[in-house]
Amino acid sequence: MWPALFQNSALPAVEQTLQFAERRHAILAGNIANADTPGYQARDLSVSDFQTALKDVIQAKQQTDKQSPGNGPARYEGLSESQAMHNVRESMKQILYHDGSDVGLETQVTEIAKNQSMHATAVAIIRNQYQQLKMAISESVNV
2 MWPALFQNSA LPAVEQTLQF AERRHAILAG NIANADTPGY QARDLSVSDF
52 QTALKDVIQA KQQTDKQSPG NGPARYEGLS ESQAMHNVRE SMKQILYHDG
102 SDVGLETQVT EIAKNQSMHA TAVAIIRNQY QQLKMAISES VNV
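Each residue of the sequence shown is one higher than the last, beginning at 2 in the working numbering.
#1: Report the CB separation of L29 from E140 in whole angstroms; it is logged as a contact under 8 Å.
#2: Relative to the alpha-carbon of A14, which residue among P39, G31, L55 and E23 has its alpha-carbon at the smallest distance?
#3: Count the other CB atoms, across all protein chains shown, that sit within 10 Å of the CB of Q17; report buried if there are 16 or more and exposed otherwise.
#4: So, using beta-carbon positions, are K32 and Q109 closer together than 8 Å?
#5: Considering only C-alpha positions, which residue in the set K135, A43 and V48 is nearest to L19?
#6: Just how far apart, CA to CA, sit R153 and V124?
#7: T122 to L106, Cα distance in whole Å?
#8: Would you mind stating whether L12 and I127 have Cβ atoms separated by less than 8 Å?
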């Protein structure tokens, strides 16, 4: 759980994106490792399900913040923020089994490259957030 200082930043959402990318990378690497296994079915995490769940949490938080700014912890349609983020994490556990036993090495490598890009973007956002925080603490733009 993020401290209150970070609750209104992008860090909680970016953290979930990093966790999703790490889990998805492990699954995609497993697909490649089992490419020659007879009858193996490729697995993947649904990027669209994850993005939808995360978008729903962000929109609900923004709506709640507009209705009652500064009134303590945000609530999302009867859920606390930690419960709402738990729902985002649950979307990561939904493994999809695709038809057929062909792993499709080219497809898996392409998906790993896209996943790595998502991970790198999330890391860059977190790095930028911490640099801004460091500048604010030091009261200097030359950090």
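Just so it is clear, CB atoms sit at the ideal spot from N, CA and C, and this is done for glycine as well.
Quick look at the numbers:
#1: Not quite, the Cβ-Cβ distance comes to about 44 Å (not below 8 Å), so this is no contact.
#2: Comparing Cα-Cα distances from A14 to each of P39, G31, L55 and E23, the minimum goes to L55.
#3: Q17 is buried by the Cβ-count criterion.
#4: Sequence inspection shows Asn at residue 32; the Lys mentioned does not correspond to that position. Yes, they are a contact pair.
#5: With distances taken between CA atoms, L19 lies nearest to V48 out of K135, A43 and V48.
#6: There is no way to answer for residue 153, as the model of the chain reaches only from 2 to 144.
#7: The alpha-carbon atoms of T122 and L106 are separated by roughly 24 Å.
#8: yes
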